[in-house]
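Protein chains in written order, with this note's numbering: chain A, 28 to 369; chain B, 15 to 380. Cβ atoms here follow ideal geometry from the backbone N, Cα and C, with glycine treated the same way. The next block holds one structure in the form of C-alpha cells; read it before the comments.
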Amino acid sequence: MNPDHILSVRDLKTRFLMDEGTAKAVDGVSFDVSPGQVVGIVGESGCGKSVTIKSILGIVQKPGEVVGGEILFRQRGNGAAAAEMVDLAKLDGRGKEMRAIRGSDIALIPQEPMAALSPVHTIGNQLVEAVRLHQDVSKRRAEELAIERMTEVGVPNPAERMSMYSWELSGGLRQRVMIAMALSCSPRLLIADEPTTAIDVTTQAQVLRLLRGLQQNHGMAIIFITHDLGVIAQVADYVVVMYLGRVMETGPVDDIFHNPQHPYTRALLESIPSVHALSREPLPTIEGSIPHPFNRPAGCPFAPRCVAAMPGKCDRRTPKPTQLNGGQSVSCFLHNDAAEED
Amino acid sequence: MPVDEPPETKQTLLEVNGLSKYFPIKKGVLRKILGQVRAVDDVSFAIYEGETLGLVGESGCGKTTTARCIMRAMDPTAGEIMFRKASGDMVDIAALPEREMRPLRREIQMIFQDPYGSLNPRMNILDILGESLLVIGGMTDREERSERVAELLRLVGLRPEYMQRFPHAFSGGQRQRIVIARALALNPRLVVADEPVSALDVSVQAQVLNLMLKLQQELNLTYLFVAHDLSVVKHICDRVVVMYVGKIVEVAPTQALYEKPKHPYTAALMSAVPVADPRQRAAMTPLEGDVPSPANPPSGCYFHPRCPYAVDICSQQQPALEEGAPGHFVRCHRAAELSLSGIGDLDRPQTVASASSSDAGVGPIG
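Here is the structure:
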C-alpha cells in the first residue's frame, strides 16, 4: 500500500448469492483515497456504488458477501507503519474491531436522514450516544461536544435543538444533524452516500458548500457517492466512474469532465441536459437500458450499449484498467489490448 | 417553432384563474379546524395549444397540487380551470360534477413520476394499456384493442410482442414508456407530466425526454411539465412558471427566464443548480434558510426572509404578479430595479462535443 493513501481498495468483489442466481454487485473494484482528498464515485443504479461503500463499512447484509479483494485502511495510532494498517475485508462486520473503526475513524452520512434518525429519541440523545460510544467522556462533556458540532454545521439554536425530535426539523436541518453526528468523533474518512438526493436544490447547495468547508477545516478524506454528475463536478477532486459493478474510468475531476477517455463516461456526460444547451434539441442518448444484474453481459459490461464496441473482442473479454498520463486510468480495449484472466 | 411566436396569436387550451387549494389542519377528538395549509394560493396561468409549459419549484411549493387540481384528482378550494373542449367551447372543469367530467377525462391525461408505482404488477401490458380503451374509449372488441395497443407500443419505441409481458419484466425507462403509451391511448389533447424523468437514470432520462419531444411534434400534444430539475425544464419547455410556497413568483418564456430572471428566487434557484463542470465552481452562493411551511408563511413577500435584496416593504406588503416585459410576469417589489443574472447566456462548457458519435434517435429498444 502506498504510504500516501488512507484507504486502498484492491480488486474488491462483493456478491449476492440468491436462489435466482448470483449477482456480482461489485466485481473487481480498485481505487485509492489520499488524506484530505474528495473522491467521487459516480454511476447509475445497479452500478455497485452503494455496495462498494457498504463493503468498506462492513455492513453488507445477507445474502451479500465480500468474496474477494482487500480494503486496506490506515488506522489512527503511533505504532509502526505496518501495524497501523488493517484489511477491513477480513474483519467481522459485527466484531469489536470493526465496530471501533466504524463511526469513529470512518463515518457515514446516509442518503435519507429521516430513515437514519430515530423518531422516538431526541436529537441530543442520539448525538450524545454517538460521542460516548467512541470517546470516554462524561455525559455533560458529550453534550457540549454535540452542541459544538451542531454549531459548526450551521444548525441555528443548537442547544434548543438537542431536545427536539427528528420529525420536528426540516430536511436540510436533518441532514445537518446527520453531518454533525458523523463528525462527532473527528473521522479521518467520511463516506457520504448520496447526501443531497433527498433534499431540494437550494438546500443541496448549502449542504455541498458546508461539506467542502468542513473537509478543508478538518483535512479529512471524503468518499462522495452520487448519480448526479453536476454534484460530482462541484465537490470531487478525483472521480471513479462505475458501471455494473466495475470501474470504467478513474481520474482527476478535470480530466474526467474535460478529457473523458471511456465511451461510457463520454456518453454519460453528453446525455445530461445542460442548462447551457439549446432547448428542444434531441439529446444524445445511450441506447438500451442497464442490464439486470443476473443477466450481465459477457466481456466488458458496457459493450452491448457502446457505440465503439468491437464485436468479437469487447463482448468476449473484459478489459483491464490501463494507466494513462496524468493519473487517469481507463478499462477499455480502445486504449489497451490487455484483458482480465477469467 | 412555437417558441418564436408571441403567445397572443395562439389559442388557449387551458386557463387557470385564481386557483387555490387549502388543506385544513385538524386537531383533537372533534377534529377542530385550527388553520389552513395554503398548498396552492391564487394561482393563474394559461397553457397554449401545442406548447410545453413548465411548472417548477422546490418541494412544498404546490406544483403537484396544482397539477392534481387540473386533473381533477382533487377538488380545488377556489378558482376556475377553463379547458377548451375539442368542439372549441371553454368549460370550467373546477366546477363540473364527476358525471360531466368523465367524457373530458380522455382529453387530459397524466404521466406519473414513479414508473414502479404506477403500473399494476398483476396486469400485463395489454390489459394496462387496454383498460382505458375499454372503460372510457368503449372499445369492446379484443382484436381491435390489441391492435391499438400494438400501435401504441410502436409509438413509444417498444416492441408490440411485449404486450403479454408483465411490468416486472421491464426496466425503469421501458416502464416509463409504457406509462406514456397509456397516457396517449385515448388521444388526449393535454398531457400533465408530473416529474416524468426524475426517477430515471441519467442515460435513460435522455431517451424519455427525446421521446416526449418527438411525440409532441407528431401528435400535436400540449404538455404541462411539472419538475424540479431546471436543466430538464430548460430543455423541454417553451414557457416556465416558477412557484414558491403556493404562489407563482415568475412566469416567462424559457429563454427570457434563464437569461434574465427577474425574481430573486428564480435567480437563486438557477445559481444553486450544480454545473457539470469542475472549472465552474465557487459560483454558487447558496440561499440561507429553508423553504417556509405553507401552513405558516412569512408576512409580506413569502421570500423576504431568505432574499438578499429584501427591503422594508418586502416584509410588510405582499407584491402583486405584474407584467414587466411582454409575457414576463414577476411578483417582486423590486423587479424593475434589480438586475439579476441567469445562466442561459453562458456558453455550454466544451466537454465532449467533438467526441459526439451516438445517435440521437429513440428507436426500438430491448
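- By the rule that beta-carbons nearer than 8 Å mark a contact, L351 of chain A does not touch chain B.
- Secondary structure at Q350 of chain A: strand, using DSSP grouped into helix, strand and coil.
- The C-beta of V228 of chain A comes closer than 8 Å to at least one C-beta of chain B.
- By the criterion of a C-beta distance shorter than 6 Å, H342 of chain B is surrounded in its chain by A266 and A270, once the five residues flanking it on both sides are discounted.
- Annotation for Y237 of chain B: no alpha helix (DSSP H) segment contains it, though the beta strand (DSSP E) segment containing it runs T236 to A241.
- Scanning chain B for C-beta atoms nearer than 9 Å to the C-beta of Q138 of chain A yields nothing, as the closest lies near 15 Å away.
- Look at D208 of chain B here: in three-state DSSP terms it is strand.
- By DSSP's assignment, M124 of chain B forms a beta bridge with B:V206.
- With a beta-carbon spacing of about 7 Å, F329 of chain A and P290 of chain A fall inside the 8 Å limit used to define contacts.
- Judged by beta-carbon spacing, D119 of chain A lies beyond the 8 Å limit of I98 of chain A, meaning their Cβ atoms are not closer than that value.
- In the structure shown, F284 of chain A adopts helical secondary structure according to DSSP, grouped into three states.
- Counting C-beta atoms within 10 angstroms of its own C-beta, P111 of chain B has fewer than 16 neighbours from the protein chains shown and is therefore classed as exposed.
- By the Cβ criterion, the region 125–142 of chain B is not in contact with the region 51–67 of chain B, since fewer than three pairs of Cβ atoms, one from each stretch, lie closer than 8 Å.
- Taking 8 Å as the upper bound for CB-CB distance, E94 of chain B and D106 of chain B are in contact here, some 5 Å apart.
- Residues of the same chain with a CB within less than 6 Å of the CB of R159 of chain B, apart from the 5 flanking positions on each side, are G144, L147 and M153 in chain order.
- Of the candidates A:G122, A:R159, A:L217 and A:T277, A:T277 places its Cα closest to the Cα of C359 of chain A.
- With a beta-carbon spacing of about 6 Å, H242 of chain B and V70 of chain B fall inside the 8 Å limit used to define contacts.
- Flagged as an interface residue toward chain B: V280 of chain A, by a C-beta distance shorter than 8 Å.
- A check of alpha carbon separations from R189 of chain B across B:V205, B:D215 and B:V206 identifies B:D215 as the nearest.
- In this structure, the beta-carbon distance from M189 of chain A to I136 of chain A does not fall below 8 Å.
- Less than 8 Å divides the Cβ of V247 of chain B from the Cβ of G68 of chain B.
- Within the region 228–242 of chain A, the residues whose Cβ lies closer than 8 Å to some Cβ of chain B are V228, T229, T230, Q231, A232, Q233, L235 and R236, listed in chain order.
- Interface flag for T312 of chain A against chain B is set, since a Cβ pair is found closer than 8 Å.
- Residue-level contact check: V287 of chain B touches chain A, since one or more beta carbons of chain A fall below 8 Å from its beta carbon.
- Listed in chain order, the positions of the region 172–189 of chain B with a beta carbon within less than 7 Å of a beta carbon of chain A are S185, G187 and Q188.
- DSSP assignment within the region 66–131 of chain A yields the following whole alpha helix (DSSP H) runs of 4 residues or more, N-terminal first: 76–84, 108–111 and 123–128.
- Put simply, the region 65–84 of chain A touches the region 252–264 of chain A. At least three CB pairs are less than 8 Å apart.
- The alpha-carbon of M125 of chain A is positioned some 34 Å away from that of E187 of chain A.
- Between the alpha carbons of S217 of chain B and T236 of chain B lies a gap of roughly 25 Å.
- By DSSP's assignment, F329 of chain A forms no beta bridge with any residue.
- Classified as exposed, G353 of chain A has fewer than 16 neighbouring CB atoms from the shown chains inside 10 Å of its CB.
- Close to chain A, meaning a Cβ-Cβ distance shorter than 8 Å, are the following residues of the region 210–221 of chain B: D215, V216, S217, V218, Q219, A220 and Q221.
- Only those residues of the region 316–339 of chain A whose C-beta falls short of 9 Å from the nearest C-beta of chain B are listed: S316, I317, P318, H319, R332, V334 and A335.
- I250 of chain A sits in a strand when the DSSP states are folded into three classes.
- Residue contact check for L69 of chain B against chain A: no CB pair falls below 8 Å.
- Contact of A282 of chain B with chain A is assigned, a C-beta pair being separated by under 8 Å.
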